[in-house]
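Notes follow once the structure below has been shown.
Number of protein chains: 2
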Amino acid sequence: MNIDSTVALRPHVTWDRDARGALSGVRVLDLSRFIAGPLCAQNLGDLGADVIKVESPGGEDARANSPAINGKALYTMMYNRNKRAVTLNSRSPEGRELLRRLAGWADVIVENFRPGTLDKMGIGYETLREINPRLIVVSISGYGQGGPYRDRVLFDCIAQAMSGVMDMNAGPDGMPRLMKMFPADTLGATQATSATLAALFHRERTGEGQVIDIAVLDSLVAALGTALPANLLFDATPEHNGNRDDFNAPANAFPVRDGFVYLHAGTAAFWSRFCIEILDRPDLVTDERFSSTPARMSNVTELEKLVTDWTMDHTGLEVEQIFERVGIPCSRVADVATAARNEQLWSRDMLFRTHDSDGDELFLVGYPAKFSGSPITMRFAPPRVGEHTEEVLEEILGLDGAEIAQLRDSGVL
Amino acid sequence: MNIDSTVALRPHVTWDRDARGALSGVRVLDLSRFIAGPLCAQNLGDLGADVIKVESPGGEDARANSPAINGKALYTMMYNRNKRAVTLNSRSPEGRELLRRLAGWADVIVENFRPGTLDKMGIGYETLREINPRLIVVSISGYGQGGPYRDRVLFDCIAQAMSGVMDMNAGPDGMPRLMKMFPADTLGATQATSATLAALFHRERTGEGQVIDIAVLDSLVAALGTALPANLLFDATPEHNGNRDDFNAPANAFPVRDGFVYLHAGTAAFWSRFCIEILDRPDLVTDERFSSTPARMSNVTELEKLVTDWTMDHTGLEVEQIFERVGIPCSRVADVATAARNEQLWSRDMLFRTHDSDGDELFLVGYPAKFSGSPITMRFAPPRVGEHTEEVLEEILGLDGAEIAQLRDSGVL
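Right, dumping it as structure tokens:
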């Protein structure tokens with residue numbers, strides 16, 4: 001492992017199952033797989049909720065994803081901390097009965113099966129509401145619980161293709177471009193977290209549960225800003241101008257000796273500072289080719305050449321430091337190795353070092369909101385498949401050791 | 414305007430200021446500008462909160478952004494519905510006094526000034542807490558309220574450069590790639606909404622307010638999945654393989670007669686269906702070049718040529734329909750015009766037609782969570798600068814017409 005002093009000097013995060021947060025006492029049953037559902041449930045767990053993750057006896061499929069730490073997929077570790085893991089076979093009658101009893105215990109159920117699956121499993125919302133009228137069911141799906149595409153299968157890449165964002169991201173060659181960060185799944189998870197919290201607040205005031213329908217595709221579309229409405233209103237289409245800002249110049253990724261920097265000196269104030277304090281060329285501020293935003297956009301090729309002539313003489317770090325001093329937004333275009341060692345991120349616990357429940361070393365990503373009054377909790381390391389089955393069945397459903405052993409022998413757990 | 418029947422047949426959404434949602438009665442003071450803060454406050458408004466947007470007398474800078482509808486920026490319309498708009502000059506003593514009184518009224522303040530600005534304005538959290546111990550202050554900033562980069566300026570593009578995501582998105586040429594959807598700002602807004610709701614829930618139970626610190630950079634980093642931890646653990650680096658999936662094949666953007674489709678037939682089940690039901694080539698299922706995921710990844714170039722030979726003979730719509738029938742994830746790579754007319758999105762109100770407060774036609778983007786018990790509200794069209802100044806100062810602060818006229822004459826409003 002190649003980690004610098006920023007990383008090495010930070011303390012390891014230890015798991016404290018007694019830590020309390022905003023959602024302490026809230027009970028979440030997580031029936032979901034992959035990213036959108038598990039991350040939503042993990043967020044609720046980070047906020048303090050008691051989250052029970054239910055998997056089939058072999059564990060969810062994503063546990064086989066690479067890369068892995070001693071056979072344990074990093075992928076599932078990323079989305080399943082602060083949960084207790086239970087296995088049960090929901091195709092067996094005994095498994096279904098256990099599931100119904102856990103649903104009766106829960107305040108919130110998070111699921112991302114294909115629409116209609118909960119009904120087929122005998123725990124559709126109408127059934128659950130009779131058991132527990134205060135229950136909040138959070139259903140996350142590709143296209144949503146309604147509409148003509150309801151029954152289609154969606155992956156993040158498909159949402160990117162359908163939403164128009166691959167077109168928005170296309171470069172001058174017109175080739176559509178996929179983003180490698182699973183934006184639809186992640187936005188879906190974040191929207192689902194927010195919606196669950198709104199429903200919990202509503203329930204706190206009214207006593208009423210409800211069902212929430214979140215589509216991963218919708219969550220991505222809601223994050224695309226003006227692009228789709230601007231097309232409907234003005235027939236506006238994407239600029240396809242690569243890394244260049246659509247409205248201001250200079251604002252682009254510029255080459256430096258050792259890679260690229262992104263700098264945004266496109267506003268009047270930034271441009272003026274750049275010319276005077278960095279280039280020592282006050283004449284450029286009043287040069288009619290560059291003296292206004294429309295002028296700079298009209299002469300952008302010439303302008304960018306002028307900037308490039310300067311950046312090419314510097315390293316990325318030099319440019320970043322010079323721009324920081326002058327107060328113009330800039331960053332090296334960091335490769336993931338550099339980003340993973342960024343001192344700002346480490347100082348805010350956005351990356352942290354810890355261990356899993358076997359004691360294996362692990363790096364995880366922090367929660368992006370910092371609360372003064374109800375801090376984020378780190379209570380349970382990402383669990384092994386079924387790590388807490390006995391504990392949960394005893395504590396929550398009141399089963400004894402003999403009953404659990406029998407269920408295990410008959411393949412229900 | 415070029416809109417098809419899907420769009421034309423949908424009813425216009427009308428604004429109903431009496432609609433009630435999960436957050437009805439919650440009072441939000443929105444001091445923010447651009448995207449991250451305004452969208453957070455708009456989300457709270459969509460959920461039913463009473464949101465007062467405060468701007469300087471000329472309106473926030475983003476109101477000058479293009480494109481515009483009769484001089485009104487679409488950009489600010491996207492992020493400011495369900496708010497009442499008030500102007501006040503926070504540099505004047507009278508303006509500051511009005512601001513302090515509005516802060517006393519609020520349950521939640523959303524701001525995205527540079528760190529330390531609220532203190533300079535005389536409404537830092539310590540001061541506000543004395544006026545109102547139940548207050549929740551949501552501070553959104555580029556790098557956060559702490560850490561070595563606290564005082565730097567951040568734009569979305571800079572967050573993309575620093576987080577490593579431009580490297581993750583780089584294609585085979587290694588050139589870093591900017592995403593044109595402002596992912597950091599939008600994720601920051603969504604995280605801030607969620608955090609505000611968690612704090613409201615905590616307050617409902619404990620009576621205590623608090624301050625929340627959200628960095629736009631952190632919000633993007635939290636959405637990057639395994640990339641940064643995998644680098645720290647395994648020195649893993651991005652594949653730089655264009656639109657190709659990193660783990661499964663075939664999963665890529667493939668050319669069709671009229672553009673591209675994205676299809677993901679990379680799992681064992683999808684691959685088998687693709688060979689048997691679409692290509693009519695059952696032999697390929699057992700062909701040792703393609704019979705397992707590692708085999709398909711090793712022979713991906715050959716595999717993709719085989720898929721391309723088939724896709725090139727079809728239109729995008731044909732491929733999408735064939736794959737839908739067979740149950741394999743697929744979508745045309747939609748340009749924004751096609752995406753903006755997608756029937757699934759329209760059926761779920763993710764795009765809707767309405768009018769602004771002048772009666773000008775407008776298209777907006779819907780809220781991605783659908784609540785059965787506490788529906789999203791559409792109460793106020795995106796407001797003109799200061800549209801509700803008189804109403805708010807009378808209703809909330811009890812000022813009379815003469816006092817308001819005097820404040821206006823002296824340039825405070």
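Protein chains in written order, with our numbering: chain A, 1 to 413; chain B, 414 to 826. In this text, a Cβ means the ideal position worked out from N, Cα and C, and glycines have one as well.
Residue-chain proximity (residue i, chain A), Cβ-Cβ < 8 Å
i        : result
B/Lys593 : yes
B/Thr606 : yes
B/His521 : According to the sequence as given, residue 521 of chain B is Val; it is not His. Not one chain A Cβ lies under 8 Å of B/Val521.
B/Glu539 : no
B/Phe687 : no
B/Leu567 : yes
B/Ile817 : no
B/Glu617 : yes
B/Asn525 : no
B/Asn830 : Residue 830 of chain B lies beyond the stretch modelled for chain B, which goes from 414 to 826, so this question has no answer here.
B/Asn712 : no
B/Val669 : no
Assumed close pair residue i, residue j - CB separation to whole angstroms, cut-off 8 Å
i        : j        : result
A/Met312 : A/Val13  : Contact doesn't hold; Cβ gap of about 42 Å is too wide.
B/Ile553 : B/Gly450 : 5 Å
B/Phe784 : A/Ala199 : 7 Å
A/His264 : A/Ala251 : 4 Å
A/Val412 : A/Ser92  : 5 Å
Paired residues, beta bridge with residue i - DSSP
i        : result
A/Glu55  : A/Thr87
A/Asp330 : Asp is not the amino acid found at residue 330 of chain A; the sequence shown has Cys there. DSSP output for A/Cys330 lists A/Leu263 as bridge partner(s).
B/Lys593 : According to DSSP, B/Lys593 bridges with nothing at all.
B/Asn382 : Nothing can be reported for residue 382 of chain B, as the shown portion of chain B is limited to 414 through 826.
B/Phe784 : A/Ile212
A/Ala73  : A/Ala68
A/Asp50  : A/Arg27
A/His355 : A/Glu361
A/Ile396 : DSSP, once it has assigned bridges, lists no residue as partnering A/Ile396.
B/Ser552 : B/Glu524, B/Asp626
C-beta neighbour in chain B for residue i, strict 8 Å
i        : result
A/Asn2   : At A/Asn2 the pLDDT is 48, less than 50, meaning the model places this residue with poor confidence and gives no usable figure here.
A/Pro67  : yes
A/Arg63  : no
A/Thr226 : yes
A/Gly164 : yes
A/Arg91  : no
A/Pro250 : no
A/Asp313 : no
A/Met121 : no
A/Arg348 : yes
A/Phe34  : no
A/Glu324 : yes
A/Gln42  : no
A/His12  : no
A/Arg177 : yes
A/Asp356 : no
A/Thr308 : no
A/Ile278 : no
Pull out every residue of the stretch 327 to 343 of chain A whose Cβ sits closer than 9 Å to any Cβ of chain B, in chain order. Of all residues in the stretch 327 to 343 of chain A, the ones placed with a Cβ closer than 9 Å to any Cβ belonging to chain B are Gly327, Ile328, Pro329, Cys330, Ser331, Arg332, Val333, Ala334, Asp335, Val336, Ala337, Thr338, Ala339, Ala340, Arg341, Asn342, Glu343, in chain order.
Could you run through the stretch 364 to 390 of chain A and flag, in chain order, every residue whose CB is less than 8 Å away from some CB of chain B? Of all residues in the stretch 364 to 390 of chain A, only Leu364, Val365, Gly366, Tyr367, Pro368, Ala369, Lys370, Phe371, Ser372, Gly373, Ser374 place a beta-carbon less than 8 Å from a beta-carbon of chain B.
Are three or more beta carbon pairs between the stretch 221 to 230 of chain A and the stretch 777 to 787 of chain B nearer than 8 Å? Judged by Cβ distances under 8 Å, the stretch 221 to 230 of chain A makes contact with the stretch 777 to 787 of chain B, as three or more pairs qualify.
For the structure I just gave you, are there three or more beta carbon pairs, one from the stretch 141 to 150 of chain A and one from the stretch 196 to 216 of chain A, closer than 8 Å? Contact holds between the stretch 141 to 150 of chain A and the stretch 196 to 216 of chain A, because three or more Cβ pairs, one in each stretch, are under 8 Å apart.
Contact between the stretch 690 to 704 of chain B and the stretch 643 to 656 of chain B: three or more CB pairs below 8 Å? With the cut-off at 8 Å, the stretch 690 to 704 of chain B and the stretch 643 to 656 of chain B do not touch.
For the stretch 164 to 179 of chain A against the stretch 742 to 755 of chain B, are there 3 or more C-beta pairs whose distance is under 8 Å? Output reads yes: the stretch 742 to 755 of chain B touches the stretch 164 to 179 of chain A.
Touch check for the stretch 444 to 458 of chain B and the stretch 489 to 502 of chain B: three-plus C-beta pairs under 8 Å? Taking 8 Å as the limit for Cβ pairs, the verdict is that the stretch 489 to 502 of chain B does touch the stretch 444 to 458 of chain B.
Does the pairing of the stretch 168 to 179 of chain A with the stretch 582 to 590 of chain B give three or more beta-carbon distances under 8 Å? Contact holds: three or more Cβ-Cβ distances are below 8 Å.
Any contact between the stretch 15 to 29 of chain A and the stretch 56 to 68 of chain A? By contact I mean 3 or more CB pairs, one from each, below 8 Å. No, the stretch 15 to 29 of chain A is not in contact with the stretch 56 to 68 of chain A.
Assess contact between the stretch 80 to 97 of chain A and the stretch 44 to 52 of chain A, defined as three or more Cβ pairs (one per stretch) separated by less than 8 Å. Is contact present? Taking 8 Å as the limit for Cβ pairs, the verdict is that the stretch 44 to 52 of chain A does touch the stretch 80 to 97 of chain A.
Within the chosen definition, does the stretch 532 to 551 of chain B reach the stretch 479 to 487 of chain B through at least 3 CB pairs nearer than 8 Å? By the criterion of at least three beta-carbon pairs nearer than 8 Å, the stretch 532 to 551 of chain B is not in contact with the stretch 479 to 487 of chain B.
Taking contact to mean 3 or more Cβ pairs, one atom from each stretch, closer than 8 Å, check whether the stretch 595 to 602 of chain B and the stretch 383 to 398 of chain A are in contact. Taking a contact to require three or more Cβ pairs closer than 8 Å, the stretch 595 to 602 of chain B and the stretch 383 to 398 of chain A do not qualify as touching.
Return the residues of the stretch 621 to 632 of chain B that lie within a Cβ-Cβ distance of less than 8 Å from chain A, sorted by chain order. Per Cβ criterion, the list reads Glu621, Gly622, Gln623, Val624, Ile625, Asp626, Ile627, Ala628, Leu630, Asp631, Ser632.
Decide if the stretch 757 to 770 of chain B is in contact with the stretch 405 to 412 of chain A; the criterion is three or more beta carbon pairs, one per stretch, under 8 Å apart. A contact between stretches requires three or more CB pairs, one per stretch, nearer than 8 Å, and the stretch 757 to 770 of chain B fails this requirement with the stretch 405 to 412 of chain A.
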